[in-house]
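At position 52 of the sequence shown the residue is numbered 52 (full-length UniProt numbering), and the sequence of numbers has no breaks.
Cβ atoms here follow ideal geometry from the backbone N, Cα and C, with glycine treated the same way.
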Amino acid sequence: MTKSVILTLAITTTFSFNSYAEFDISGVSSDSASSLLNSASQLAQTNSPVVDNLVKELSISPQQAATGTGALLSLAKNQLGSGQGSELNSLIPGLSSLTNSSLFSSVENMESVKNAFASVGLDPALISQFTPVILDYLGTQGASSGLMNSLGSLWQQ
């Protein structure tokens, strides 16, 4: 997972009306949004193995893959303890920037994740197909078994 996943999620969410309502980004200043978009345009050129795998395996768009992945990772970051949150941050470049943003701080439960999926035209049932791909990636990056178990439990529907 690279910064492009996170920033593609930010762009998709920023410009999606349904996501605007679901994530309540009404309080975000134009300067913050502009900064986020500038960062996104710079980093969106990098490739994300997770997004690429999801696009291939599920026949979805890169934006859908990035949104779903970003929603799941935001939930994880918001729900994990500080130790596992730090580990997740170390495995995914740019994750702390996303989760510290007011744009995604409201992803606190699976219902929010399902809403994010639906906002980009994904059936929330696809969550069960996203999670193994993300977990496989984290495993290749050296994630601990404790983190993997926590994420597996957290992401169950």
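Annotation for S106: no alpha helix (DSSP H) segment contains it, and DSSP assigns it neither H nor E.
Within a 10 Å sphere around the beta-carbon of Q156 sit fewer than 16 other beta-carbons, which makes this residue exposed. Rounded to whole angstroms, the separation of the alpha carbons of K56 and G139 is 20 Å. DSSP, reduced to helix, strand and coil, places V113 within a helical segment of the structure shown. Shown here, D123 sits in coil according to DSSP, grouped into three states, outside any helix or strand. Put simply, the segment 82-93 does not touch the segment 119-136. Fewer than three CB pairs are less than 8 Å apart. Around the Cβ of G121, a 10 Å sphere holds fewer than 16 other Cβ atoms; the residue is exposed.
DSSP, reduced to helix, strand and coil, places P49 within a helical segment of the structure shown. Taken atom to atom, the span from the alpha-carbon of S119 to that of D52 is near 20 Å. About 13 Å separates the Cβ atoms of A143 and L95, ruling out a contact at the 8 Å cut-off. Note that the C-beta distance between L73 and S150 is not below 8 Å. An exposed status is given to N109, since fewer than 16 other beta-carbon atoms sit within 10 Å of its beta-carbon. Contact annotation, A65 with L54: C-beta distance approximately 4 Å; criterion of less than 8 Å satisfied.
With a beta-carbon spacing of about 6 Å, L58 and L126 fall inside the 8 Å limit used to define contacts.
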